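Take the sequence shown: its position 99, counted from the start at 1, is 217 in this note's numbering, and no numbers get skipped.
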Amino acid sequence: MECGIGLSQSRDLIEATHEAARQAREVLRGAPQGALIVSAGDPIPGAGSIAREVLGCIPVVGGGSAGLLTDSGVVSHGVAVVCFRSEEWVVQSACAGSAAVAPLAAADRVARLILSGRPNRRRYPRGVALAFGDGRTAQGVGPFGSRWREIMGPKLKSVVSLVPDAQALYCGAVRDTGPISVLCLEGPGPVGIGVGSGWTPLSLTCTATRTEGSLVHELDGRPAAEVYAEAQPGSAQDPTRFPLGIALPEDQWLIRNVLAIEGTSLRLGADLPAGTEVRVMAASTNGLQHATQDAAVTALKRLEGQAPSAVLVVEGAARRAVQNGSGRREWEMIREQVPAGTPLLGWLTASELIPGGSGPVTLQNGTVTVIAFP
119 MECGIGLSQS RDLIEATHEA ARQAREVLRG APQGALIVSA GDPIPGAGSI
169 AREVLGCIPV VGGGSAGLLT DSGVVSHGVA VVCFRSEEWV VQSACAGSAA
219 VAPLAAADRV ARLILSGRPN RRRYPRGVAL AFGDGRTAQG VGPFGSRWRE
269 IMGPKLKSVV SLVPDAQALY CGAVRDTGPI SVLCLEGPGP VGIGVGSGWT
319 PLSLTCTATR TEGSLVHELD GRPAAEVYAE AQPGSAQDPT RFPLGIALPE
369 DQWLIRNVLA IEGTSLRLGA DLPAGTEVRV MAASTNGLQH ATQDAAVTAL
419 KRLEGQAPSA VLVVEGAARR AVQNGSGRRE WEMIREQVPA GTPLLGWLTA
469 SELIPGGSGP VTLQNGTVTV IAFP
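Pasting the structure below:
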């Protein structure tokens, strides 16, 4: 696969979209088959159509982000475009549309649109789906993930960047994408994906005894904020440093960021059902960075000896913030693993849906995902 990446920090985001698209196309030295567009700053109405003015009538999907990750640091205002081209790969795009608001309906519609356009009629597609979703997708992650996997099968790896509700989702010329838009790349070779966390448990296990969506009122029958404060070393002035963790198989953790302490309750970055067993988590900068390095190594190893044509990085914004300005070193650790000259781009998300081992995608608030293309 050939990949071209363009980046513009023009103050006018429409011009930035044009410029980034031109750069990406020039790197490919020809017309792309599909493109991903990621913006930082204000949403760009019609971004897909704007990019198509340069790239042609191809699948274009994307969304907003909390920042773009580049070799020069974090870009808080700008546009990045990633173009793809290959004789062996099929690139398609689809979005749920305004009618498919419920997560189950959105998964069903997008999956079936992609399957209907496949020239290869094998039962399940193989490759990677890069998607952007809003809060509606996050709230219905269980039904969405199960339905998506049921239709698309286990061979398609999916990474979904969840954006704040105020941000826009992009999908070609579609004005209202609904809760999710997807770029599907299907081909014969492997796509390497590595996921890193770096959080470790700080407290004993406790049970969420009273919750209301993402608001946790009680842990072990006591005010949640009180139990949470007792588990921390020192002050709880910065709750983002101490998320809650839910144990998963193989020593993995499902991370739920604590966004705020509201009275005696905790406001999390995603819903937490009553009865869930959790632990207060913590992480050192070294621990987070080594987890990122391991994710990069894993992604490259899964290319089965092929050199990467490009590497993308999707990281939770809260995870990045915990590193206290050391994020540059984290980026350098990824760059050190990637062959010299390989295009490298990343972006920050509010939350992310990532491959959950042998099961469907899981909603995370504090991971980094490295995606290596063959």
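Ideal placement from N, C-alpha and C gives every residue a C-beta, glycine not left out.
Note that this is a predicted model, so its numbers are computed, not measured.
Would you call the stretch 161-177 and the stretch 284-297 touching, i.e. three or more CB-CB distances under 8 Å? yes
Segments assigned alpha helix (DSSP H), at least 4 residues, entirely inside the stretch 439-469: 445-455
Measuring alpha carbon to alpha carbon, tell me which of S383, R453 and E368 ends up nearest G339. S383
What does the alpha-carbon distance come out to for the pair D189 and E454? 12 Å
Enclosing alpha helix (DSSP H) for F262 [first to last residue]: V259 to M270
Is it a yes or a no for the stretch 457-464 touching the stretch 410-430, going by three-plus beta-carbon pairs under 8 Å? yes
Specify the secondary structure class of S211 as computed by DSSP and reduced to three states. strand
Outcome for A365 when other beta-carbon atoms lying within 10 angstroms are tallied against a minimum of 16: exposed
What residue does the beta strand (DSSP E) around T329 start on, and which one ends it? C324 to E330
If you follow the alpha helix (DSSP H) that Y346 is in, where does it begin and where does it stop? A342 to A349
Do V309 and I489 have their beta-carbon atoms positioned less than 8 Å apart in this structure? yes
If contact is defined by three or more beta carbon pairs under 8 Å, each pair taking one atom from either stretch, is the stretch 125-141 in contact with the stretch 440-455? no
So is T61 buried or exposed if we call it buried at 16+ other beta carbons inside 10 Å? As shown, the chain starts at 119 and ends at 492. That puts residue 61 outside it, with no answer to give.
When you compare the CB positions of A286 and P163, do they come within less than 8 Å of one another, or not? yes
Using only CA atoms, which one of P243, I132 and T323 lies nearest to E268? P243
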